[in-house]
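Here the structure is laid out as structure tokens; the discussion comes afterwards.
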Amino acid sequence: MWIKTMERLAGTRPLYALDTPGFGGSFDAPAADRPSMAQYARWLYEAIRDLGIGRCHLVGHHTGACIAVDMVSQQPDLAQSISLFGPVPLTAEERVEFSKHFGTPFTPVISGSYLLENWEYLRNLGAHADPMLIHREMSDQLRAWWGRVQSYNAVWDQDFAGMYQAIKAPLLIAAAEEDVLYPYLDRAKQMQPNANVLAVTGANFEPDLDADTVANGLKEFFATYD
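The numbering used here applies: residue 1373 is where the sequence shown begins, and numbers increase by one.
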């Protein structure tokens, strides 16, 4: 999802995109485990530390935003700034409602019906705007069929709002109007009145479908707090 944005930022600074455990080239947590968001944050912080990074600009999208907020809660001196695409300031009741629609496993079955279920899920999120995007996302979803369930469970269990309100680092927030989390962007702004708000498009895939805006917005924001 971040490749197009990173291509546009190439040469401006070192850039790292870490795969969440259970996704991409990262490791898988034991299938029976229910890792907390704090655990995901610790895992990725270990990777950041092993890369020799002391302070950095943290950027996260959806679940990545949840990880970034938890990481800063644990390591407040890490972030020069925090950019959250699709912040998740949900109430406990809203998290329960979201959990009914997001995070249900598309379990592999002989008929292959789960393949179409994955495809339609991504279509409903707007990935079909670019055939290669939905192709890549489909591949990612199939690889992470159980890791996705584990990470979403961590999202629903996390007190995002409490940690988000405690952030002291410079903050940028964004969500396209078609993003499932757009209805909560105003709430996120109210919780952090000094946050910068970046207007973006791209449904639930802003860094890919609106890479120019995302890259330019991040470049300007980072430069302010270098």
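Just so it is clear, CB atoms sit at the ideal spot from N, CA and C, and this is done for glycine as well.
Secondary structure of residue 1454 (DSSP, three-state): strand. Here residue 1540 has 1448 as same chain residues with Cβ atoms under 8 angstroms from its own Cβ, once five neighbours each way along the sequence are excluded. With fewer than 16 other Cβ atoms from the protein chains shown falling within 10 Å of its own Cβ, residue 1482 counts as exposed. Residue 1461 is a Cβ neighbour of residue 1536, given a cutoff of 7 angstroms.
When the alpha-carbon of residue 1435 is set against those of 1454, 1428, 1493 and 1459, the nearest one is in 1459.
Around residue 1574, the same chain offers 1548, 1581 and 1582 as residues with beta carbons nearer than 6 angstroms, after the five sequence neighbours per side are excluded. Residue state for residue 1546 is assigned as strand, using DSSP reduced to three classes. Short of 7 angstroms from the beta carbon of residue 1437, and not among the five residues preceding or following it, lie these beta carbons of its own chain, in chain order: 1456, 1457, 1458, 1459 and 1460. Fully enclosed beta strand (DSSP E) runs of no fewer than 3 residues occupy 1543–1546 of the stretch 1488–1549, in order along the chain. Contact annotation, residue 1589 with residue 1521: C-beta distance approximately 32 angstroms; criterion of less than 8 angstroms not satisfied. The DSSP-derived three-state label of residue 1381 is helix. The stretch 1421–1488 contains, as complete beta strand (DSSP E) runs of 3+ residues, the segments 1428–1433 and 1451–1457 (chain order). Rounded to whole angstroms, the separation of the alpha carbons of residue 1446 and residue 1379 is 30 angstroms. Counting only the Cα atoms, residue 1508 lies some 17 angstroms from residue 1390.
Residue pairing by DSSP puts residue 1568 in a beta bridge opposite 1544. Here residue 1596 is exposed. Its C-beta has fewer than 16 other C-beta atoms within 10 Å. The three-state reading of DSSP puts residue 1415 in helix, counting H, G and I together.
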